[in-house]
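Each protein sequence line maps, in turn, to chains W and S.
The first sequence begins at 1 in my numbering and counts up one residue at a time.
The second sequence begins at 1001 in my numbering and counts up one residue at a time.
In what follows, a single structure is set out as structure tokens and then discussed.
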Amino acid sequence: MHSNQDSPSEVVLHVVSGKGGTGKTTVAAALAISLATNGHRVLLMEVEGRQGIAQLFDVAPLAYEETKVAVAPGGGEVWALAVDSEDALLDYLEMFYKMRRAGSALGKMGAIEFATTIAPGLRDVLLTGKAIEVVKRKEKNAANAYDFVVLDAPPTGRITRFLNVNSEVSGLAKVGPIKSHADSVMSVIASPLTTVHLVTLLEEMPVQETLDGIADLEANGLPVGSIFVNLMRPPKLDANQRKAVAEHSLSTSDIERGLEAVGLNSPELIASLEREALDHTQRVDLEARELQRLEDAQRTIVRLPLIPAGIDLGALYELAEIITNSEVTK
Amino acid sequence: MTSLDIDALLSNTDTEIIICTGAGGVGKTTTAAALGVRAAELGRNVCVLTIDPARRLAQAMGLTELDNTPRPVSGVSPGSLNAMMLDMKRTFDEVVEAHADPERSKQILENPFYQALSSSFAGTQEYMAMEKLGQLHQDDSPWDLIIVDTPPSRSALDFLDAPARLGSFLDGRFIRILTAPARGAGSAIGRIAALGFGIFTNVLSKILGAQVLSDIGTFVAAIDTTFGGFRERADATYELLKKPGTAFIVVAAPERDALREASFFVERLQSESMPLAGLVLNRVQEVEAGSATEEQITAAAQRLRASGEFELTASLLELHAQRMALKERQKHLAARFELAHPTVPIIAVPAMAEDIHDLDGLRQIGAELADKNNDW
Chain W
1 MHSNQDSPSE
11 VVLHVVSGKG
21 GTGKTTVAAA
31 LAISLATNGH
41 RVLLMEVEGR
51 QGIAQLFDVA
61 PLAYEETKVA
71 VAPGGGEVWA
81 LAVDSEDALL
91 DYLEMFYKMR
101 RAGSALGKMG
111 AIEFATTIAP
121 GLRDVLLTGK
131 AIEVVKRKEK
141 NAANAYDFVV
151 LDAPPTGRIT
161 RFLNVNSEVS
171 GLAKVGPIKS
181 HADSVMSVIA
191 SPLTTVHLVT
201 LLEEMPVQET
211 LDGIADLEAN
221 GLPVGSIFVN
231 LMRPPKLDAN
241 QRKAVAEHSL
251 STSDIERGLE
261 AVGLNSPELI
271 ASLEREALDH
281 TQRVDLEARE
291 LQRLEDAQRT
301 IVRLPLIPAG
311 IDLGALYELA
321 EIITNSEVTK
Chain S
1001 MTSLDIDALL
1011 SNTDTEIIIC
1021 TGAGGVGKTT
1031 TAAALGVRAA
1041 ELGRNVCVLT
1051 IDPARRLAQA
1061 MGLTELDNTP
1071 RPVSGVSPGS
1081 LNAMMLDMKR
1091 TFDEVVEAHA
1101 DPERSKQILE
1111 NPFYQALSSS
1121 FAGTQEYMAM
1131 EKLGQLHQDD
1141 SPWDLIIVDT
1151 PPSRSALDFL
1161 DAPARLGSFL
1171 DGRFIRILTA
1181 PARGAGSAIG
1191 RIAALGFGIF
1201 TNVLSKILGA
1211 QVLSDIGTFV
1221 AAIDTTFGGF
1231 RERADATYEL
1241 LKKPGTAFIV
1251 VAAPERDALR
1261 EASFFVERLQ
1271 SESMPLAGLV
1281 LNRVQEVEAG
1291 SATEEQITAA
1301 AQRLRASGEF
1311 ELTASLLELH
1321 AQRMALKERQ
1331 KHLAARFELA
1341 HPTVPIIAVP
1351 AMAEDIHDLD
1361 GLRQIGAELA
1371 DKNNDW
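The structure is reproduced here in structure tokens:
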């Protein structure tokens, strides 16, 4: 069970980013459930201190401790962890120098906060470093502790800088311990073990940011995965109907007779319906244009529907199933 | 609900600074720009300071790109509108150049620690936004209203905290300890700190390496002797935010997470006695109120579907019902916010079918922002 051998892809670390408001954390959670399906063990990590995972899974705020938050279809498990740069630094000191106690004494003095703010990039290295530690961690029987790690990462605008820890740190430290730590983190991030997914909506700005993000990641040699198009709504009007709406040739008398048949005929309602039809047509056209721009980027696109009742645990499983049936986890 | 009167706020010449804040992706930048256009057309001389590099928005204002200097937007009268985008490194460099003699500023600008700090320290962007705001808000500046779009922070609260954090970081006791050798090893603070110093530098050099520590020492010594306490500057900008001429506008989308973040921010502003003007509830679903309920509309659509006739009407009714349901859900969320914050004025802005491309689009948003009769 604790192995990746049944998975043809080598990817272990799935990084999920996206513009604010696109549902990045929701997609990360659904992806974690999907990856856990059929007996896998997955760790879902967040690094921004928002406790978004706890809210989604409706559990108490996560401590700096791996906690089981959900089971997946077919016996898998989703564990979650909220990483804080201070805790990650203590881990780092313990792992490499056996200095946890000295570290926590300094923590009480406020020195850890100082150290993580003193070195721009140190914070990011510690956070990504923690993800890499989990990716590499082995059980006693030499199997991987987790089959997959899903990282709910900072937004698209900051993702390249966040992952590109090497260049962040090298501006500051050309040699030294933190530099070698960054190197080892980078050797996993810029490898086939890692993939970066971007979440977007079919609106102009998020799509533009996604395309810019892909270009940026690629330019820095970081592995780009799939594009998740979130909150998609199927068109209510078919192509012919939308064409008629756009050309203002929709048959009012036809609508009128329809409304008559259900006793709702009124000029006000007809006017509303016609306005909404135009609004809807414009929106659908815009979405189609934006989807085309994404398709031109030649990436796997996963389409996730808007869940009308809002996101709860049930909705996460619904989205997970869609992801499972897509190409992402295959 | 208490309606937020945008025109009264914008026309009031006592209003000198408006700060738009809220979670990422709620339309903060667009709101700031729309307020700018509206205010200029009400006769104010406005400068919009944006942090978000939204090219499309720059284009909407007729600017090919935004840089660190206010650029005039044409076609807005009788007042005037300028827009700029914060370049945090450039702004930091300017602060250094304004305060240090050429030789010393060169020394600071070339320091590796300064370079890292000025381009990627987590609070630098917020701090420099405040610095820029202070610069724009001089007595002799040509603007009488400055509208700031806050950085897309990890949390909206960072905007309030970061200046003080950077200030206390640079003025803080650890940096004093670190630079103690440069200040004369026999100082009182050096002696007091001696106990913790060994273990502290030991850990830091383990993490950072000795070169980094030495860069920091040089940087702090150089910057300290040139321009006074960073903390004082941070305190001054913080005080500017509390003045009655400042108005905070919290922007939110009618969604659970965005409203939760808006709640946090409203509470924080209130607890620090910051001047909160109100909440802009952006991109709400509008539906023309008819006599039929959502249930009736849905039932009617189902009957038409079952009959196999009038498919177009059925689709249109379904679309209508969908919108009614969405509006209901949004109103429910807004009502919960109102219940928790009954004194906060709110204005709802309807969702537009397409994104904003030009000044007319911004004008349209501005008109919606000012429409206090909107009974959404």
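Each residue gets a CB set at the ideal place from its N, CA and C atoms; glycine is no exception.
Asked                                                                                                                                                                                      : Found
Can you name, in chain order, every residue of its own chain whose Cβ lies under 8 Å from the Cβ of ASP87 of chain W, other than the five neighbours on each side?                         : TYR64
Within 8 Å of any Cβ in chain W, is that where the Cβ of GLU1126 of chain S sits?                                                                                                          : no
Compute the Euclidean distance between the alpha carbons of ALA54 of chain W and GLU1311 of chain S, then round it to the nearest angstrom.                                                : 44 Å
Given 8 Å as the limit, is there contact between the segment 216 to 234 of chain W and the segment 1368 to 1376 of chain S, that is, 3 or more CB pairs closer than that?                  : no
So, are the CB atoms of PRO372 of chain W and LYS19 of chain W less than 8 Å apart?                                                                                                        : No information on residue 372 of chain W is available, as it lies outside the stretch 1 to 330 that chain W covers here.
Say whether chain S places a C-beta atom closer than 8 Å to the C-beta of LEU273 of chain W.                                                                                               : yes
Just the C-alpha distance for LEU13 of chain W and GLY52 of chain W, rounded to the nearest angstrom, thanks.                                                                              : 19 Å
Over what stretch of residues does the beta strand (DSSP E) that includes LEU1279 of chain S continue unbroken?                                                                            : 1276 to 1284
Around the Cβ of THR252 of chain W, are there at least 16 other Cβ atoms within 10 angstroms (buried) or fewer (exposed)?                                                                  : exposed
Run down chain S in chain order and give the residues with a C-beta less than 9 Å from the C-beta of ILE255 of chain W.                                                                    : PHE1310, LEU1312, THR1313 and LEU1316
Please determine if the segment 1332 to 1340 of chain S and the segment 1301 to 1318 of chain S are in contact, where contact requires at least 3 C-beta pairs separated by less than 8 Å. : no
Please classify GLN1107 of chain S: is it buried, with 16 or more other beta-carbons within 10 angstroms of its beta-carbon, or exposed?                                                   : buried
Quick one: measure Cβ to Cβ for VAL229 of chain W and THR200 of chain W, integer angstroms, because I've assumed they're closer than 8 Å.                                                  : 6 Å
Along the chain, where does the beta strand (DSSP E) that runs through PRO1072 of chain S open and close?                                                                                  : 1071 to 1073
Can you check whether the C-beta of LEU1304 of chain S is within less than 8 Å of a C-beta belonging to chain W?                                                                           : yes
Can you tell me whether DSSP reads GLU1338 of chain S as helix, strand or coil?                                                                                                            : helix
Under three-state DSSP, which class holds GLY20 of chain W?                                                                                                                                : coil
What residue from W:PRO235, W:LEU193 and W:LEU62 has the CA that sits closest to ASP285 of chain W's CA?                                                                                   : W:PRO235
Determine which residues of the segment 1323 to 1343 of chain S have a Cβ less than 9 Å from any Cβ of chain W, and write them out in chain order.                                         : ARG1323, ALA1325, LEU1326 and ARG1329
Tell me which same chain residues have a C-beta within less than 7 Å of the C-beta of ALA1297 of chain S, skipping the five on either side of it?                                          : A quick correction: the sequence has Ile, not Ala, at residue 1297 of chain S. Within the same chain, ILE1297 of chain S has close Cβ partners LEU1317, HIS1320, ALA1321 and MET1324.
Pop quiz: VAL69 of chain W and ALA60 of chain W are said to be a contact at Cβ under 8 Å. What is the actual Cβ separation, rounded to whole angstroms?                                    : With 8 Å as the limit, VAL69 of chain W and ALA60 of chain W do not qualify as a contact, their Cβ atoms being about 10 Å apart.
Taking DSSP's pairing of strands, which residues face ALA1348 of chain S in a bridge?                                                                                                      : S:LEU1281
In chain W, which residues lie with their C-beta within 8 Å of the C-beta of LEU1319 of chain S?                                                                                           : LYS236, LEU237, LEU273, GLU276, ALA277 and HIS280
Using the beta-carbon of each residue, which ones in chain W are nearer than 7 Å to ARG1364 of chain S?                                                                                    : The residue asked about is misnamed: residue 1364 of chain S is Gln in this sequence, not Arg. Those do not exist, as GLN1364 of chain S stays about 14 Å from chain W at its closest Cβ, beyond 7 Å.
Going by CA-CA distance only, name the one from S:MET1130, S:ILE1356, S:ASP1355 and S:ILE1347 that's closest to ILE1006 of chain S.                                                        : S:ILE1347
For VAL150 of chain W, I'd like the list of residues in its chain whose CB is within less than 6 Å of its CB, leaving aside the five on either flank, ordered along the chain.             : HIS14, ALA28, LEU31, ALA32 and LEU44
Applying the 10 Å Cβ sphere with the 16-neighbour rule, what's the burial state of GLU1295 of chain S?                                                                                     : exposed
Can you name the residues that DSSP bridges to PRO305 of chain W?                                                                                                                          : W:MET232
Could you check whether the Cβ of ASP1093 of chain S sits closer than 8 Å to any Cβ belonging to chain W?                                                                                  : no
Residues in the same chain with beta-carbon distance under 7 Å from VAL245 of chain W, minus the five sequence neighbours each way, listed in chain order, please.                         : LEU237, ALA277, LEU278 and THR281
Given that VAL1026 of chain S touches chain W, what residues does it touch there, using C-beta distances under 7 Å?                                                                        : GLY21
Measure the beta-carbon distance from LEU304 of chain W to MET232 of chain W and round it to whole angstroms, keeping in mind my assumption that it falls under 8 Å.                       : 6 Å
What does GLY1290 of chain S touch in chain W if you count any residue whose Cβ is under 9 Å from its own?                                                                                 : LEU264, SER266, GLU268, LEU269 and SER272
I need the straight-line Cα distance from GLY1245 of chain S to ALA1033 of chain S, nearest angstrom please.                                                                               : 19 Å
Relative to the C-alpha of GLY1361 of chain S, which residue among S:PRO1342, S:THR1031 and S:GLU1016 is closest?                                                                          : S:THR1031
Any beta carbon of chain S sitting closer than 8 Å to that of LEU259 of chain W?                                                                                                           : yes
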